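To get our numbering, take the position in the first sequence, counting from 1, and add 76.
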Amino acid sequence: MPELPEVETVRRGLTNLIIGKVVKSETHDTEKGFPNTPQDVKQFLIGASIVDVRRRAKVLMIDLSTGYSLLIHLKMTGQLVFVGETRFGAGHPNDSLVNELPDKSTRVTLDFEDGTKLFFNDQRKFGWVRLLPTAEIPNIPFMQKVGPEPLSADFTAKDFIQRLARRPKTNIKAALLDQSVVAGIGNIYADESLWGAKIHPTRLVSLLTEAEMTLLYTEMRAVMNLAVEKGGSSNSTYVNAEGKKGSYMDFARVFRREGLECPRCGSIIEKSRVAGRGTHTCPVCQVI
DNA sequence: CACTTGACCTGTCCGC
DNA sequence: TGCGGACAGGTCAAGT
Numbered sequence: 077m078p079e080l081p082e083v084e085t086v087r088r089g090l091t092n093l094i095i096g097k098v099v100k101s102e103t104h105d106t107e108k109g110f111p112n113t114p115q116d117v118k119q120f121l122i123g124a125s126i127v128d129v130r131r132r133a134k135v136l137m138i139d140l141s142t143g144y145s146l147l148i149h150l151k152m153t154g155q156l157v158f159v160g161e162t163r164f165g166a167g168h169p170n171d172s173l174v175n176e177l178p179d180k181s182t183r184v185t186l187d188f189e190d191g192t193k194l195f196f197n198d199q200r201k202f203g204w205v206r207l208l209p210t211a212e213i214p215n216i217p218f219m220q221k222v223g224p225e226p227l228s229a230d231f232t233a234k235d236f237i238q239r240l241a242r243r244p245k246t247n248i249k250a251a252l253l254d255q256s257v258v259a260g261i262g263n264i265y266a267d268e269s270l271w272g273a274k275i276h277p278t279r280l281v282s283l284l285t286e287a288e289m290t291l292l293y294t295e296m297r298a299v300m301n302l303a304v305e306k307g308g309s310s311n312s313t314y315v316n317a318e319g320k321k322g323s324y325m326d327f328a329r330v331f332r333r334e335g336l337e338c339p340r341c342g343s344i345i346e347k348s349r350v351a352g353r354g355t356h357t358c359p360v361c362q363v364i
């Protein structure tokens with residue numbers, strides 16, 4: 077599920093739900109999704125309290141009182157689901173989860189001292205959780221190469237244009253998906269941003285005008301801001317850590333709207349494959 | 001080097 | 001209904 081807006085929504089939810097809680101025990105299924113040793117877990121996780129929940133790009137960081145952090149990447153299908161028996165009223169979407177979790181997609185479970193739990197579920201097993209010293213997070217390869225946060229106040233159109241210029245011979249969709257250019261954009265918001273800027277995803281970066289790149293910068297930020305405000309995008313079954321559904325898909329202009337009318341010009345939206353990903357475009361108002 | 005493709009996994013949907 | 005193949009909101013390694 078997660079691009080920047082979804083991960084940010086999870087971060088905000090967890091901030092409300094788990095800060096101050098003390099970890100009582102932890103279980104995980106395989107080393108692949110959680111490579112730390114039992115000794116690491118015992119020394120740096122068990123008994124620790126949650127100090128902060130942060131995000132960089134699509135990576136979540138749960139900072140612990142031991143000076144270590146849990147780094148979490150949800151990849152395609154990861155979810156963090158908080159279950160606190162007293163938190164949800166009758167009929168709430170999370171009520172059933174109290175009894176249904178853990179299930180076969182559960183990779184990691186954190187049990188807190190107060191009886192509440194946090195589950196990391198991941199159907200496709202691409203995601204991961206790892207424990208490492210908080211101070212070492214900036215040194216991991218991903219953090220070394222990842223680009224700026226698109227919504228940060230000091231990220232300018234000029235920065236964006238300069239970073240795009242490093243990928244002149246690839247198409248603009250691949251460049252937007254490249255986390256070293258800008259952090260946090262994924263398949264949904266790449267398509268939505270390019271529609272907003274009336275640029276076809278297959279266009280070579282070197283063929284974009286400065287005006288187009290400036291407009292793309294503006295549209296990308298508008299899309300990301302709206303998506304964060306709406307709690308991200310959710311499929312029919314997903315609920316976030318707080319049991320709320322994201323509603324951005326109600327506002328999507330092209331993503332998963334193939335066969336429907338373009339909201340700007342009325343042409344029929346097409347689906348194709350660009351940069352190895354399913355791609356949604358208006359064939360008329362997005363210029364190749 | 002820059003860029004593209006395949007691999008990692010499981011579940012679901014769609015066409016025969 | 002059964003089966004095969006394509007596909008799914010990401011990233012890295014290996015290939016050209």
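Even glycine gets a Cβ: it sits at the ideal position worked out from N, Cα and C. Remember, predicted model here, so these are calculated numbers, not experimental data.
Boundaries of the beta strand (DSSP E) harbouring LEU156: 154-159, taken from the DSSP string. Secondary structure within the segment 201-273: the beta strand (DSSP E) runs of 3 or more consecutive residues, fully enclosed, are 204-209 (chain order). For ILE95, the secondary structure class from DSSP, reduced to helix, strand or coil, is coil. Shortest Cα-Cα distance from ALA328 to any of VAL157, PRO209, PRO214, LEU302 involves LEU302.
Looking at the DSSP output, THR106 shares a beta bridge with no other residue. Cβ contact annotation for LEU270 (same chain, cutoff 6 Å, sequence separation greater than five): PRO277, in chain order. Sequence-distant Cβ neighbours of VAL127 in its own chain, meaning closer than 8 Å and more than five residues away, are ILE95, ASP139, LEU140, SER141. Between GLN155 and the set ARG130, PRO217, SER310, the nearest pair of CA atoms involves SER310. Per DSSP, the beta bridge partners of ARG353 are VAL350. For a cut-off of 8 Å, the C-beta gap from PRO226 to MET137 is around 18 Å, too long to register as a contact.
For VAL363, no alpha helix (DSSP H) encloses it, and the DSSP letter there is neither H nor E.
With respect to ARG340, HIS356 sits apart: the two C-beta atoms are not nearer than 8 Å. In the DSSP assignment, ILE138 forms a beta bridge with VAL129, LEU146.
If you compare the alpha carbons of LEU146, VAL363, SER101 with that of PRO111, the shortest gap goes to LEU146. Counting of Cβ neighbours within 10 angstroms places ARG200 among the exposed residues, the total staying below 16.
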